[in-house]
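2 protein chains.
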Amino acid sequence: MQPSYDGLINLAKGYPFPEAIPSDALTQAMKRLSEVEGDVAFQYDGSPATEYLKDWLKAEMMRRNSWRTGDDILLTSGALQGLDLLCRIFLDERSAVLIQAPTYMEAIEVCRNYTDHIVTFDTVAEDANAVERELRLTEANGHPVRLIYVGTSFQNPTGYVMSPEFRRDLVALAEKYDAFIAEDGAYDQLWFEEPPPLLKSFDSLGRTMYLGTFSKTLAPGLRVGWACGSSVLTDLMGRFKKDLGNPLVTGMVSYVIQFHNYDAHLQQLRAAYRRRAALMEFALVEWMPPECQWLPSQGGYYHWLSYPAVVDGERLRARSYDQGVNFLPGRHFYPHAPRDVSALRVSFSYESERNLVEGVKRLGNVIREMLAGS
Amino acid sequence: MQPSYDGLINLAKGYPFPEAIPSDALTQAMKRLSEVEGDVAFQYDGSPATEYLKDWLKAEMMRRNSWRTGDDILLTSGALQGLDLLCRIFLDERSAVLIQAPTYMEAIEVCRNYTDHIVTFDTVAEDANAVERELRLTEANGHPVRLIYVGTSFQNPTGYVMSPEFRRDLVALAEKYDAFIAEDGAYDQLWFEEPPPLLKSFDSLGRTMYLGTFSKTLAPGLRVGWACGSSVLTDLMGRFKKDLGNPLVTGMVSYVIQFHNYDAHLQQLRAAYRRRAALMEFALVEWMPPECQWLPSQGGYYHWLSYPAVVDGERLRARSYDQGVNFLPGRHFYPHAPRDVSALRVSFSYESERNLVEGVKRLGNVIREMLAGS
Numbered sequence: 000m001q002p003s004y005d006g007l008i009n010l011a012k013g014y015p016f017p018e019a020i021p022s023d024a025l026t027q028a029m030k031r032l033s034e035v036e037g038d039v040a041f042q043y044d045g046s047p048a049t050e051y052l053k054d055w056l057k058a059e060m061m062r063r064n065s066w067r068t069g070d071d072i073l074l075t076s077g078a079l080q081g082l083d084l085l086c087r088i089f090l091d092e093r094s095a096v097l098i099q100a101p102t103y104m105e106a107i108e109v110c111r112n113y114t115d116h117i118v119t120f121d122t123v124a125e126d127a128n129a130v131e132r133e134l135r136l137t138e139a140n141g142h143p144v145r146l147i148y149v150g151t152s153f154q155n156p157t158g159y160v161m162s163p164e165f166r167r168d169l170v171a172l173a174e175k176y177d178a179f180i181a182e183d184g185a186y187d188q189l190w191f192e193e194p195p196p197l198l199k200s201f202d203s204l205g206r207t208m209y210l211g212t213f214s215k216t217l218a219p220g221l222r223v224g225w226a227c228g229s230s231v232l233t234d235l236m237g238r239f240k241k242d243l244g245n246p247l248v249t250g251m252v253s254y255v256i257q258f259h260n261y262d263a264h265l266q267q268l269r270a271a272y273r274r275r276a277a278l279m280e281f282a283l284v285e286w287m288p289p290e291c292q293w294l295p296s297q298g299g300y301y302h303w304l305s306y307p308a309v310v311d312g313e314r315l316r317a318r319s320y321d322q323g324v325n326f327l328p329g330r331h332f333y334p335h336a337p338r339d340v341s342a343l344r345v346s347f348s349y350e351s352e353r354n355l356v357e358g359v360k361r362l363g364n365v366i367r368e369m370l371a372g373s
Numbered sequence: 000m001q002p003s004y005d006g007l008i009n010l011a012k013g014y015p016f017p018e019a020i021p022s023d024a025l026t027q028a029m030k031r032l033s034e035v036e037g038d039v040a041f042q043y044d045g046s047p048a049t050e051y052l053k054d055w056l057k058a059e060m061m062r063r064n065s066w067r068t069g070d071d072i073l074l075t076s077g078a079l080q081g082l083d084l085l086c087r088i089f090l091d092e093r094s095a096v097l098i099q100a101p102t103y104m105e106a107i108e109v110c111r112n113y114t115d116h117i118v119t120f121d122t123v124a125e126d127a128n129a130v131e132r133e134l135r136l137t138e139a140n141g142h143p144v145r146l147i148y149v150g151t152s153f154q155n156p157t158g159y160v161m162s163p164e165f166r167r168d169l170v171a172l173a174e175k176y177d178a179f180i181a182e183d184g185a186y187d188q189l190w191f192e193e194p195p196p197l198l199k200s201f202d203s204l205g206r207t208m209y210l211g212t213f214s215k216t217l218a219p220g221l222r223v224g225w226a227c228g229s230s231v232l233t234d235l236m237g238r239f240k241k242d243l244g245n246p247l248v249t250g251m252v253s254y255v256i257q258f259h260n261y262d263a264h265l266q267q268l269r270a271a272y273r274r275r276a277a278l279m280e281f282a283l284v285e286w287m288p289p290e291c292q293w294l295p296s297q298g299g300y301y302h303w304l305s306y307p308a309v310v311d312g313e314r315l316r317a318r319s320y321d322q323g324v325n326f327l328p329g330r331h332f333y334p335h336a337p338r339d340v341s342a343l344r345v346s347f348s349y350e351s352e353r354n355l356v357e358g359v360k361r362l363g364n365v366i367r368e369m370l371a372g373s
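Protein sequences appear in the order of chains A and B. Positions 0 to 373 (numbering that gives the first Met the number 0) are the ones given, in order, by the first sequence. Positions 0 to 373 (numbering that gives the first Met the number 0) are the ones given, in order, by the second sequence.
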């Protein structure tokens, strides 16, 4: 939890809002699991419901045109464990990983545990030539890129949705340079207008592992996610995954999906986040100075706000905090950040609707003051 | 779950018996957690109850004389994840790990993920000279032992309790040869007469990480364990532990400990397992031929049964299965097993008391027949 005081509006938090978490359904699921299956759900192997969940995920991946013959599902502790296991398989000290900039900060930390060679491409530019230059250069330097990590839809932190064309480009480049793709789909169920296709659905070559999670659609604290891709790889990942899974919580998630109308829950979530995104956008238009820029949100949790370079990021954060609003500075989302990237992430997922508007107002006022004073 | 048919008595399973799992208390804990803390328990950081659990574990380690200034607690996914993280820190392809033979089979798998150099010492011989010879020889071969993994009390699979003297010897040898000790205490709360001291309590040098778990005392499927040792190491382990913990289940365990009289639960468990161990010993005395040997049980889950070398292990297993009883062959517990180690593990933890006796009877009859026929 971020430090918090009375009146602080925390736009830094990438958490679901409290009512988004179906805690009653989860509690009922555990009660039912315990009644129906007795001790079985509490033992090492967990409940037979785990099989149901894996079958359901397989059907889901099929529905999204992202299941190839020979694929399998591996349950993981959130999407991040999937990335960790792929790093363990594909990276060594010599090889490199290619990631977006900006990207999910925890993913950067995971990659750093495996290699010093982290190279990047611009998240929103969609410049396949630039990506290829990076792949070629890194290989020429003796550090071939073996893994490409991308957030494809409503990416953290930008909210960006990668075009189908660029997804195809990445698959082709992975094939050409013998790299493997880790597709992080953490937010992709939270679309506002229409579901984006998965990058994996464009991959006929089996070079993509899709990493999914229930963190944004049920609750982060469950730590239930999955990896979907070639069974050769999921088997290997499973061998390294020595935490023995999470049988009880997996059973709970399976019961919620079977007995608590998960589809209706997702529809409610989409409507709620769409409304929150719209409110935040309304506030951005209303309160930000014209020098600031952001993308309209199509889903997920975040707005990525660019501000003029004359505004010092450290001072912006400190002054905002004094005014009772917090955000995540842009430099957190870069592996090799300059001191100030003149951008920040605000989340519309957690604070109350009223606070979202008030928080943006406070932040806008601070930026205006700093522009006027600088 | 093992394959099972009507009438198969499964003495292979290292599971708690169904009534040993306080599933009502766990369900109530989740309900209460959800009512008291709302969404907080379901978010990434989990409930404040996690802090309570860590403080409680610290107090517990102090009570067992195993807390040094500068120690810390890291919550893990069972004891096994603790070992995995220590392997990741201490082992590379060149260095070696020293383990008991026989030892916990999953631990062997974890070590194999990190090194080919797995050396052993006899679990029950308590021969410090032999251990030192192994340490010296391995170092001379260019593969210094950096990690020593031991089950110290009611060890899996032997049930053996290491003497205080040998615990001291191991600490001294670790210091002399610059190795680190991973002490697996998975079963040490399940003592029948008196609690054995921890190896860590003899370590004034900070060379031991204690690995604990609630798998045997609450439920395996929770996947809640902890590592206790130097904070320098727990910090590093935490950096590699990229599954972000298991906030919801951690909160449940914390509530069970706070509100459901965990001490009384432990006392009931000890009485139940003591009774089960005694029943199995009674049956061993009654039904095993005089050529078979086993140690009297002082705690934990297992008896380790040695039988004459003329009995073929594969045939013993097949015939026993035909007679409706299953066990774990001894060779599973060795990293470099000969074809047959003339020993097997039977568990008194899972089957009904009636089945424990009947299972041993069936197994004894098969061994007697094979001895008579061979």
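In this text, a Cβ means the ideal position worked out from N, Cα and C, and glycines have one as well. Values in this document were obtained by computation on a predicted structure and should not be read as measured data.
Practice task
Tell whether a beta-carbon distance below 7 Å holds between Leu189(B) and Tyr103(B).
Solution key: Taking the first residue of the second sequence as 1, we reach residue 189(B) at position 190. Taking the first residue of the second sequence as 1, we reach residue 103(B) at position 104. No, these two residues do not count as a Cβ contact at 7 Å.
Problem - Counted within 10 angstroms of its Cβ, other Cβ atoms place Arg353(B) as buried (16 or more) or exposed - result: Locating residue 353(B) in the second sequence gives position 354, where the first residue counts as 1. With fewer than 16 other Cβ atoms within 10 Å, it is exposed.
Exercise for the section: Please work out which residues of its chain come closer than 8 Å, Cβ to Cβ, to Phe213(B), disregarding the five sequence neighbours upstream and downstream, and give them in chain order. Expected result: As a working mapping, residue 213(B) is identified with position 214 in the second sequence. The answer, listed in chain order, is Leu221, Val223, Gly224, Val252.
Handout entry: Span of the beta strand (DSSP E) around Arg344(B)
Key = The residue given as residue 344(B) occupies position 345 in the second sequence. Start and end: 342 to 346.
Exercise for the section: Jot down the residue ranges of each uninterrupted alpha helix (DSSP H) in the region 303 to 371 of chain B, minimum 4 residues, whole runs only, in chain order. Expected result: 312 to 321
Practice task
Verify the CB distance criterion: does Gln42(A) have a CB-CB separation below 7 Å to chain B?
Solution key: In the first sequence, the residue the question calls residue 42(A) occupies position 43. Yes - at least one Cβ of chain B is within 7 Å of the one on Gln42(A).
Practice task
State yes or no: is the beta carbon of Lys57(A) nearer than 7 Å to at least one beta carbon in chain B?
Solution key: By 1-based counting over the first sequence, the position of residue 57(A) is 58. By this cut-off, Lys57(A) is not an interface position.
Handout entry: Which listed residue (Val359(A), Phe165(A), Thr26(A), Ser203(A)) has its alpha carbon closest to that of Gly228(A)
Key = By 1-based counting over the first sequence, the position of residue 228(A) is 229. For Gly228(A), the nearest C-alpha among the options comes from Ser203(A).
Problem - Span of the beta strand (DSSP E), counted from its first residue to its last, around Ile147(A) - result: Residue numbering aside, residue 147(A) sits at position 148 when the first sequence is read from its first letter. 144 to 150 is the extent of the beta strand (DSSP E) around Ile147(A).
Practice task
Could you tell me whether any non-hydrogen atom of the ligand GTP is closer than 6 Å to the CB of Ala218(B)?
Solution key: Among the components modelled here there is no ligand, and therefore nothing to report on the ligand GTP.
Problem - DSSP state of Pro289(B) mapped onto helix, strand, coil - result: Within the second sequence, numbered from 1, the residue matching residue 289(B) stands at position 290. Correct three-state label for Pro289(B): coil.
Practice task
Tell me whether the beta-carbon of Val160(B) lies closer than 7 Å to the beta-carbon of Gln297(B).
Solution key: Position 161 of the second sequence holds residue 160(B). Position 298 of the second sequence holds residue 297(B). Closer than 7 Å, so yes.
Handout entry: Distance, Met236(B) Cα to Val130(B) Cα
Key = Counting from 1 along the second sequence, the entry for residue 130(B) is found at position 131. Counting from 1 along the second sequence, the entry for residue 236(B) is found at position 237. When rounded, the distance between both Cα atoms is 27 Å.
Exercise for the section: Measure from the C-beta of Val109(A) to each C-beta in chain B and report whether the shortest distance is under 7 Å. Expected result: Working through the first sequence from its first residue, we reach residue 109(A) at position 110. Chain B contact via Cβ: present.
Exercise for the section: Report yes or no: is there a C-beta of chain A within less than 7 Å of the C-beta of Asp91(B)? Expected result: Residue mapping note: residue 91(B) aligns to position 92 of the second sequence, counting from 1. So no, Asp91(B) is outside the interface.
Exercise for the section: For Asn155(A), count neighbouring C-beta atoms within 10 Å of its own C-beta (all shown protein chains included) and say buried if the count is 16 or more, exposed if not. Expected result: Numbered from 1 along the first sequence, position 156 holds the residue referred to as residue 155(A). Buried.
Handout entry: Rounded C-alpha distance that separates Ala342(B) from Tyr51(B)
Key = On the second sequence, position 343 is the one that residue 342(B) refers to. On the second sequence, position 52 is the one that residue 51(B) refers to. Between Ala342(B) and Tyr51(B), the C-alpha separation is close to 43 Å.
Practice task
Could you pull the start and end residues of the beta strand (DSSP E) that Met208(A) belongs to?
Solution key: Reading the first sequence from its first residue, position 209 is the one you call residue 208(A). Run containing Met208(A): 207 to 212, per the beta strand (DSSP E) assignment.
Exercise for the section: Assign Leu278(B) to one of three DSSP states: helix, strand, or coil. Expected result: Counting from 1 along the second sequence, the entry for residue 278(B) is found at position 279. The answer is helix: DSSP assigns Leu278(B) an H, G or I state.
Practice task
For Pro17(A), return the contacting residues in chain B, with the cut-off set at a CB-CB distance below 7 Å.
Solution key: Taking the first residue of the first sequence as position 1, residue 17(A) is located at position 18. The answer, in chain order, is Gly37, Asp38.
Practice task
Find the residues of chain B that neighbour Leu235(A), judging by a C-beta separation of less than 9 Å, and give them in chain order.
Solution key: As a first step, residue 235(A) must be located in the first sequence, where it is residue number 236. Result: empty, since nearest Cβ-Cβ is about 10 Å, beyond 9 Å.
Practice task
Please confirm whether Ser319(B) and Leu283(B) have their CB atoms less than 7 Å apart.
Solution key: Position 320 of the second sequence holds residue 319(B). Position 284 of the second sequence holds residue 283(B). No, Cβ-Cβ distance for Ser319(B) and Leu283(B) is not below 7 Å.
Handout entry: Under 8 Å by beta carbon: chain A residues contacting Gly211(B)
Key = As a working note, residue 211(B) is residue 212 in the second sequence. What Gly211(B) touches in chain A: nothing, since even the nearest Cβ is about 15 Å away.
Exercise for the section: Give the DSSP-derived three-state secondary structure of Ala100(B) in the structure shown. Expected result: Working through the second sequence from its first residue, we reach residue 100(B) at position 101. The answer is strand: DSSP assigns Ala100(B) an E or B state.
Problem - CB of Val96(B) within 7 Å of CB of Leu136(B), strictly - result: To locate residue 96(B), count along the second sequence from 1; it is residue 97. To locate residue 136(B), count along the second sequence from 1; it is residue 137. No, these two residues do not count as a Cβ contact at 7 Å.
Problem - Close-in-space but distant-in-sequence residues of the same chain around Val365(A) (CB under 6 Å, 5 per side omitted) - result: As a position in the first sequence, residue 365(A) is number 366, starting the count at 1. For Val365(A), where only same-chain residues beyond five positions count, the Cβ hits under 6 Å are Arg318, Ser319, Gln322.
Handout entry: Boundaries (first-last residue) of the beta strand (DSSP E) holding Ile20(B)
Key = As a working note, residue 20(B) is residue 21 in the second sequence. Run containing Ile20(B): none; DSSP gives neither H nor E here.
Problem - Collapsed DSSP secondary structure at Thr26(A) in the structure displayed - result: Walking along the first sequence from the start, residue 26(A) turns up at place 27. Thr26(A) falls in the helix class under three-state DSSP.
Handout entry: Reduced DSSP category for Tyr272(B) - H, G, I as helix; E, B as strand; rest coil
Key = Translated into positions along the second sequence, residue 272(B) becomes position 273. Helix.
Exercise for the section: Determine the extent of the alpha helix (DSSP H) in which Ala127(A) is found, giving its start and end residues. Expected result: As a working mapping, residue 127(A) is identified with position 128 in the first sequence. Run containing Ala127(A): 127 to 139, per the alpha helix (DSSP H) assignment.
Exercise for the section: Closer than 7 Å, Cβ to Cβ, to anything on chain A: give me those residues from the region 277 to 290 of chain B, in chain order. Expected result: none
Exercise for the section: Answer yes or no: does any C-beta atom of chain A fall closer than 7 Å to that of Phe239(B)? Expected result: The residue you call residue 239(B) lines up with position 240 of the second sequence. Closer than 7 Å to some Cβ of chain A, the Cβ of Phe239(B) qualifies, so yes.
Practice task
Tell me whether the beta-carbon of Pro328(B) lies closer than 7 Å to the beta-carbon of Arg314(B).
Solution key: Working through the second sequence from its first residue, we reach residue 328(B) at position 329. Working through the second sequence from its first residue, we reach residue 314(B) at position 315. No, the pair does not count as a contact, with Cβ atoms beyond the cut-off.
Exercise for the section: Using a Cβ cut-off of 7 Å (strictly closer), state whether Thr26(B) contacts chain A. Expected result: As a first step, residue 26(B) must be located in the second sequence, where it is residue number 27. For Thr26(B), the answer is yes, since a Cβ of chain A falls inside 7 Å of its Cβ.
Problem - CB of Tyr209(B) within 7 Å of CB of Gly299(B), strictly - result: The residue given as residue 209(B) occupies position 210 in the second sequence. The residue given as residue 299(B) occupies position 300 in the second sequence. Not closer than 7 Å, so no.
Handout entry: CA-to-CA distance, Pro289(B) to Arg93(A), given in whole angstroms
Key = Position 94 of the first sequence holds residue 93(A). Position 290 of the second sequence holds residue 289(B). Distance between the alpha carbons of Arg93(A) and Pro289(B): 60 Å.
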